[in-house]
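This report concerns only the one structure given below.
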Amino acid sequence: MSDQEQVKEKVEQETKKSSSKKHTSKEKYEKKIKELEKKIQELEEENKSLKDQNLRRIAEFENLKRRKDKEFLNILQNANEELILELLPVIDDFERFLAHVNDENQNVESLKQGVELIYKKMMQILEKQGLKPIESVGHEFDAEKHQALMQVETDQYESGYIVDEHLKGYTLNDKVIRHAQVLVAK
């Protein structure tokens, strides 16, 4: 073989190797591209699924919110129903009392006792709901519970103690809803 033939043969071998490498590299890239395309498709499907789940959860949340808003509104509208139902017998007692006030055989003492019974019944109902009168006379003045109308001179109580109550104060579930209006010893 001549030098020329040897060179030609080497070139052909190198070309075959190069061509074979190019073919192998191309196959590798095509395989990698297919894998990546498959992965993209899987991720797109997962993304779509997650979007659907998210939309369902948002819809569920909105439905829950609407339901809770409706329940809350219903609670507000009917909050005093129990109290009103308990006060109805007191109203009935007042109506019976007023119907018999004009009877000629009624004396003042029996009328007073009837009113006192109705008052006690109503106070029991309100106390059950958390209403309590604020104790005042004979107690030390407390600005959290009492409103001083004036100070008066007295020998019965020490300075700063409540002498008289002009208007009774009340707490509802331990919260002052009306301060007692009082006279305080100087």
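Numbering of the sequence shown is given in the working numbering, commencing with residue 249 and proceeding in unit increments. For every residue, glycine included, the Cβ atom is placed at its ideal position computed from N, Cα and C. Computed from a prediction, not measured in an experiment: that's the story for all the values here.
Close beta carbons around Gly362, own chain, < 7 Å, minus the five adjacent residues each side: Here residue 362 corresponds to residue number 114 of the sequence shown, with the count starting at 1. Taken in chain order, the residues that qualify are Phe345.
Quick one: what's His394 bridged to in DSSP? Taking the sequence shown and counting its residues from 1, one reaches residue 394 at position 146. BP columns for His394 point to Ala428.
Val432 beta carbon less than 8 Å from that of Ile410: Here the question's residue 410 lines up with position 162 in the sequence shown. Here the question's residue 432 lines up with position 184 in the sequence shown. Yes; because the gap between Cβ atoms is below 8 Å, this pair is in contact.
Return yes when at least one heavy atom of the ligand HEM lies under 7 Å from the C-beta of His387, else no. Judged by which ligands are present, the structure shown has none, so any question about the ligand HEM falls away.
Compare the beta carbon distance of Glu406 and Ser384 with 8 Å and say whether it is the shorter of the two. Within the sequence shown, residue 406 is the residue found at index 158, counting from 1. Within the sequence shown, residue 384 is the residue found at index 136, counting from 1. Taking 8 Å as the Cβ cut-off, Glu406 and Ser384 do not qualify as a contacting pair.
Cutting at 7 Å between CB atoms, please list the residues of its own chain near Thr402, excluding the five before and the five after it. Along the sequence shown, one-based indexing puts residue 402 at 154. Here the set comprises Val411 and Ala433.
Do Asp390 and Ile366 have their C-beta atoms closer together than 8 Å? Against the sequence shown, residue 390 aligns to sequence position 142. Against the sequence shown, residue 366 aligns to sequence position 118. In this structure, Ile366 does not lie closer than 8 Å to Asp390 by Cβ.
So Val338 is in the alpha helix (DSSP H); what residue range does that whole segment cover? As a first step, residue 338 is located in the sequence shown; it is residue number 90 there, counting from the start. From DSSP, the alpha helix (DSSP H) with Val338 extends over Glu329 to His348.
Assuming Gln395 and Gln429 make a contact with CB atoms under 8 Å, what is their CB distance in whole Å? Position 147 of the sequence shown, counted from the start, is the residue given in the question as residue 395. Position 181 of the sequence shown, counted from the start, is the residue given in the question as residue 429. Right, their Cβ atoms sit about 5 Å apart.
Give the DSSP-derived three-state secondary structure of Glu413 in the structure shown. For the purposes of this step, residue 413 is taken as residue 165 along the sequence shown, with counting starting at 1. The answer is strand: DSSP assigns Glu413 an E or B state.
Nearest-angstrom Cα distance between Arg426 and Leu298? One-based indexing of the sequence shown puts residue 426 at position 178. One-based indexing of the sequence shown puts residue 298 at position 50. In a straight line, the C-alpha of Arg426 is about 56 Å away from that of Leu298.
CA nearest to the CA of Ile382, picked from Lys376, Leu359 and Glu392: Walking along the sequence shown from the start, residue 382 turns up at place 134. Per the Cα distances, Glu392.
Measuring only the C-alpha atoms, how far is Lys287 from Ser273? For the purposes of this step, residue 287 is taken as the residue at position 39 of the sequence shown. For the purposes of this step, residue 273 is taken as the residue at position 25 of the sequence shown. Spanning the two alpha carbons is a distance of roughly 21 Å.
What residue from His387, Asn355, Lys380 and Leu415 has the CA that sits closest to Leu397's CA? As a first step, residue 397 must be located in the sequence shown, where it is residue number 149. Here the closest residue by C-alpha is Leu415.
Are Gly378 and Asn421 touching if we call contact CB-CB under 8 Å? Counted from its first residue, the sequence shown places residue 378 at position 130. Counted from its first residue, the sequence shown places residue 421 at position 173. For Gly378 and Asn421, yes; Cβs fall inside 8 Å.
So is Gly417 buried or exposed if we call it buried at 16+ other beta carbons inside 10 Å? Taking the sequence shown and counting its residues from 1, the one referred to as residue 417 is at position 169. Buried: at least 16 other Cβ atoms inside 10 Å.
Given this structure, state the Cα-to-Cα distance separating Thr419 from Ile323, to the nearest angstrom. To locate residue 419, count along the sequence shown from 1; it is residue 171. To locate residue 323, count along the sequence shown from 1; it is residue 75. Distance between the alpha carbons of Thr419 and Ile323: 23 Å.
Could you check the C-alpha separation between Asp251 and Glu257 for me, to the nearest Å? On the sequence shown, residue 251 is found 3 positions in, with the first residue counted as 1. On the sequence shown, residue 257 is found 9 positions in, with the first residue counted as 1. Answer to the nearest angstrom: the Cα atoms are 10 Å apart.
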